[in-house]
Amino acid sequence: MNTKVVAIFLVFLVFTVQADDFCTLCKNVIDGVKKQYNNDFSNVSQDQLVSTANSQCDANSSGLTDTLCKGFVKQNAAKLLTALKAGETSQQCCAQGGLC
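In structure tokens form, the structure reads like this:
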């Protein structure tokens, strides 16, 4: 019984740490995108956002994490662009995507 409780706790702990890591990665990517466009997204297309965010994924991650980052960007590009055009913070953008 104690072994099962410990195992469940460890799985929860690993998930929590990874979730925090993805939140930080997401915020770093969004911060990089914001910097690159000087927080002006009025003339940025969804394709431009994806390209820029993918470059930020490459700069801030590698391997499987980089692949997951790019997948998140592709899946949430429309929502991200809307949020960025509305002037939302990196934390708010990442929370909308479920990463923070």
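Per this note's numbering, the very first residue in the sequence shown carries number 1; after that it's consecutive. Backbone N, C-alpha and C fix where the C-beta goes; we use that ideal spot for every residue, glycine too. None of the values given here were measured: they were computed from a predicted structure.
Residue range of the alpha helix (DSSP H) that includes residue i
{"i": "Phe-41", "result": "Segment: none, Phe-41 is in no alpha helix (DSSP H) and carries neither H nor E."}
{"i": "Gly-71", "result": "63-85"}
{"i": "Cys-94", "result": "90-96"}
Close beta carbons around residue i, own chain, < 7 Å, minus the five adjacent residues each side
{"i": "Phe-41", "result": "Leu-81, Leu-84, Lys-85"}
{"i": "Gln-91", "result": "Lys-27, Cys-100"}
{"i": "Ser-61", "result": "Leu-25, Cys-69"}
{"i": "Gln-56", "result": "Val-29, Gly-32, Val-33"}
{"i": "Cys-47", "result": "A quick correction: the sequence has Asp, not Cys, at residue 47. The answer is none, since no qualifying residue turns up."}
Residue closest to residue i, alpha-carbon to alpha-carbon, out of the options
{"i": "Asn-76", "options": "Lys-34, Gly-98, Ser-55", "result": "Gly-98"}
{"i": "Asp-21", "options": "Leu-68, Ala-78, Lys-74, Gly-87", "result": "Leu-68"}
{"i": "Ala-78", "options": "Cys-23, Ser-61, Cys-57, Ser-45", "result": "Ser-45"}
{"i": "Asn-54", "options": "Glu-88, Val-73, Asn-38", "result": "Val-73"}
{"i": "Val-101", "options": "Gln-96, Gly-87, Ala-95, Gly-71", "result": "Only positions 1 to 100 of the chain appear in this structure, which leaves residue 101 out of reach."}
{"i": "Asn-38", "options": "Cys-94, Gly-87, Cys-93", "result": "Gly-87"}
Cβ neighbours of residue i in the same chain (closer than 6 Å, five flanking residues each side left out)
{"i": "Thr-52", "result": "Val-33, Gln-36"}
Own chain residues within Cβ distance below 8 Å of residue i, not counting five before or after
{"i": "Asp-58", "result": "Asp-66"}
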